[in-house]
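K.L.:
According to the numbering used here, the stretch in the sequence shown is residues 193 to 378, in order.
Sharing a structure with you now.
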Amino acid sequence: MEKRNIVITGFMGTGKSAVGKELARRLGRPFVDMDALIEEREGRTISQIFAERGEPYFRRLEVEIVEELAARQGLVIATGGGTLILNQNRERMTATGIVICLWANEDELIKRLAEDTSRPLLDRPDKEAHLRRLLAQRRAAYLRLPYHVDTTGKSVDQVVDEILALLTKLRDPGPTGQHRSAPPRQ
Ligand code: S3P
Numbered sequence: 193m194e195k196r197n198i199v200i201t202g203f204m205g206t207g208k209s210a211v212g213k214e215l216a217r218r219l220g221r222p223f224v225d226m227d228a229l230i231e232e233r234e235g236r237t238i239s240q241i242f243a244e245r246g247e248p249y250f251r252r253l254e255v256e257i258v259e260e261l262a263a264r265q266g267l268v269i270a271t272g273g274g275t276l277i278l279n280q281n282r283e284r285m286t287a288t289g290i291v292i293c294l295w296a297n298e299d300e301l302i303k304r305l306a307e308d309t310s311r312p313l314l315d316r317p318d319k320e321a322h323l324r325r326l327l328a329q330r331r332a333a334y335l336r337l338p339y340h341v342d343t344t345g346k347s348v349d350q351v352v353d354e355i356l357a358l359l360t361k362l363r364d365p366g367p368t369g370q371h372r373s374a375p376p377r378q
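This is the structure in structure tokens:
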């Protein structure tokens with residue numbers, strides 16, 4: 193098995209952490225959850241970091257951690273939902289790892305995030321409208337990523353099965369020699 197990092201990204205609520213953790217378990221690789229790592233190092237929650245230091249500070253931490261993780265090998269990494277929107281981070285992770293973007297349709301994301309209070313960007317009265325806006329703003333950046341998996345209506349195990357099948361195809365690409373998975377239509 194090649195040792196390039198496997199990087200799981202995508203919008204908030206697409207299941208990056210749960211999928212990344214299970215994928216790492218099945219592959220026998222170490223798992224790094226970027227948000228959890230930031231919280232551990234800062235000794236505060238993401239919401240506290242946003243409230244006390246502001247989003248730009250949080251984004252700088254993400255850049256530092258991307259640099260650090262991209263210099264390592266053999267990891268499964270779950271990014272934060274906004275990490276790879278920044279070109280610099282996206283280029284770094286795609287240059288050194290296999291980057292897979294998870295998707296879910298908007299209605300499902302709204303349902304999955306309805307009760308959540310841990311995401312500062314969605315901690316506002318017009319949460320649903322803002323989620324739709326943010327996703328629309330970010331869509332083009334996510335679409336620049338090479339591999340896409342739709343999680344709508346799927347269990348964590350089903351998504352991990354699909355990712356493992358994709359990784360197998362990448363190792364053995366067949367006669368066309370290239371594989372690029374398409375994002376789901378929304
Ligand atoms: C963010 C997503 C969050 C977290 C932070 C900012 C974003 O991660 O990094 O609240 O900009 O989309 P999750 O996608 O794991 O919720």
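By construction, the Cβ of each residue, glycine as well, lies at the ideal position given by its N, Cα and C atoms.
Quick caveat, the model's predicted, so the values are computed rather than measured.
1) Enumerate in chain order the residues of its own chain whose CB-to-CB distance from isoleucine 290 is below 6 angstroms, with the five nearest sequence positions on each side excluded.
2) Assuming serine 239 contacts serine 310 under a Cβ cut-off of 8 angstroms, what Cβ separation, rounded to an integer in Å, is found between them?
3) Cβ-heavy atom distance between tryptophan 215 and ligand 1 below 7 angstroms?
4) With 16 as the cutoff for other CB atoms within 10 Å, does asparagine 279 come out buried or exposed?
5) Any heavy atom of ligand 1 closer than 7 angstroms to the Cβ of serine 382?
6) DSSP puts asparagine 197 in a beta bridge; with which residues?
7) Return helix, strand or coil for aspartate 318, following the three-state DSSP convention.
8) Assuming phenylalanine 203 and leucine 356 make a contact with CB atoms under 8 angstroms, what is their CB distance in whole Å?
9) Which word fits threonine 360, buried or exposed, when buried means at least 16 other C-beta atoms lie within 10 angstroms of its C-beta?
P.N.:
Straight from the coordinates:
1) As a first step, residue 290 must be located in the sequence shown, where it is residue number 98. Correct list, in chain order: Arg196 and Ile198.
2) Looking up residue 239 in the sequence shown gives position 47. Looking up residue 310 in the sequence shown gives position 118. 6 angstroms between Cβ atoms; contact.
3) In the sequence shown, counting from the first residue as 1, residue 215 sits at position 23. The amino acid occupying residue 215 in the given sequence is leucine; tryptophan does not appear at that position. Every heavy atom of ligand 1 is 7 angstroms or more from the Cβ of leucine 215, so no.
4) Sequence index remark: in the sequence shown, residue 279 carries index 87 (1-based). Flag for asparagine 279 reads exposed.
5) This structure gives no information on residue 382, because the portion of the chain shown stretches from 193 to 378.
6) Taking the first residue of the sequence shown as position 1, residue 197 is located at position 5. Bridge partners of asparagine 197: Gly289.
7) Translated into the one-based positions of the sequence shown, residue 318 becomes position 126. Looking at aspartate 318 - three-state DSSP - the assignment turns out to be coil, as it is neither helix nor strand.
8) As a working mapping, residue 203 is identified with position 11 in the sequence shown. As a working mapping, residue 356 is identified with position 164 in the sequence shown. Rounded, the Cβ-Cβ distance is 22 angstroms, inconsistent with contact.
9) On the sequence shown, residue 360 is found 168 positions in, with the first residue counted as 1. So threonine 360 ends up on the exposed side.
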